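All remarks here apply to the structure that follows.
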Amino acid sequence: MRRSTICWLTGIAIVIVATFIVYNNLTPSVTEQDVSLKGTIRQTASEKYEVQLSITRRKEDKSQHTVYPVVPGWGSISFSDKNDNRFIQPVSVGSTGAMEGILRQALQRQSATAMTEFSGFSIPDAAGTYKMRFTIHPLDEKAELIQHPMIYYVHKENVLGKDLSWVSGTPLEIIKEYAE
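Using this note's numbering, the letters of the sequence shown correspond one by one to residues 49 to 228.
Next up, the structure:
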């Protein structure tokens with residue numbers, strides 16, 4: 049009887065230790081190194097700017113992911129490239145509370161400017177390079193000059209109750225010349 053009890057306790061201890069080791073070594077299915085962001089922003093009219101992005105993902109991302117352009121005082125994203133096959137157009141533009149919360153936490157850690165509104169969009173799950181073009185408009189009449197525009201990729205993933213979410217950001221290159 050004692051021998052079987054010792055075997056059971058040893059087995060349970062091994063399972064607990066193995067579970068602990070696996071849990072502590074969980075990693076996201078897609079990491080920041082798997083995603084490359086590049087983009088430009090340029091003024092096309094006095095009240096709007098055009099943003100062009102190129103997002104390359106080397107692995108398929110089946111978890112939730114959203115791309116957020118962050119330009120303080122500016123937002124209201126408009127896609128209008130229906131006839132241009134070079135650019136993809138997301139099905140919807142907006143934000144979810146969970147994704148926005150992850151981005152807000154990352155921005156607070158960087159002590160960036162507090163923002164009240166975020167508009168983001170998803171790209172397809174498959175690996176590849178996705179190009180998009182859209183315009184942004186001021187959120188109100190007192191819009192600030194564009195300074196430090198950024199593009200963020202927010203990845204949300206939970207495995208076995210462990211949060212594996214992350215945020216990666218890249219500055220947008222500001223093109224100073226006006227559109228012709």
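Quick reminder that beta carbons are idealized off the backbone N, C-alpha and C, glycines included.
Computed from a prediction, not measured in an experiment: that's the story for all the values here.
Selection from the options that minimises the alpha carbon distance to residue i
i: I222; options: L101, T53, R51 and N72; result: L101
i: Y71; options: N206, T183 and G217; result: N206
i: S140; options: Q81, S52, L74 and I171; result: I171
i: L220; options: T88, L74, Y201 and V63; result: T88
i: H203; options: T183, I194, L151 and G209; result: L151
Contacts around residue i, its chain only, beta-carbon distance under 6 Å, and the 5 residues preceding and following it disregarded
i: S124; result: H185
i: L212; result: P76 and E205
i: Y178; result: I103, I136 and I171
i: L74; result: V207 and K210
i: G59; result: none
Check whether residue i and residue j have beta carbons under 8 Å apart
i: P117; j: W214; result: no
i: G217; j: M198; result: yes
i: T104; j: S126; result: no
Local Cβ density within 10 Å of residue i, reported as buried at 16 or more and exposed below that
i: W56; result: exposed
i: F166; result: buried
i: V63; result: exposed
i: H113; result: buried
i: V115; result: buried
i: V99; result: buried
i: E95; result: exposed
i: V78; result: buried
Helix, strand or coil at residue i according to DSSP, with G and I counted as helix
i: R106; result: coil
i: T114; result: strand
i: E228; result: Because E228 sits at a pLDDT of 44, beneath the cut-off of 50, its placement in the model cannot be relied upon, and the point is left open.
i: G123; result: strand
i: D82; result: helix
Sequence-distant residues of the same chain with beta carbon closer than 7 Å to residue i, five excluded per side
i: E108; result: D173, A174 and A175
Neighbourhood of residue i by C-beta, 8 Å cutoff - its chain only, sequence neighbours within 5 removed
i: P138; result: F127, F169, S170, I171 and M180
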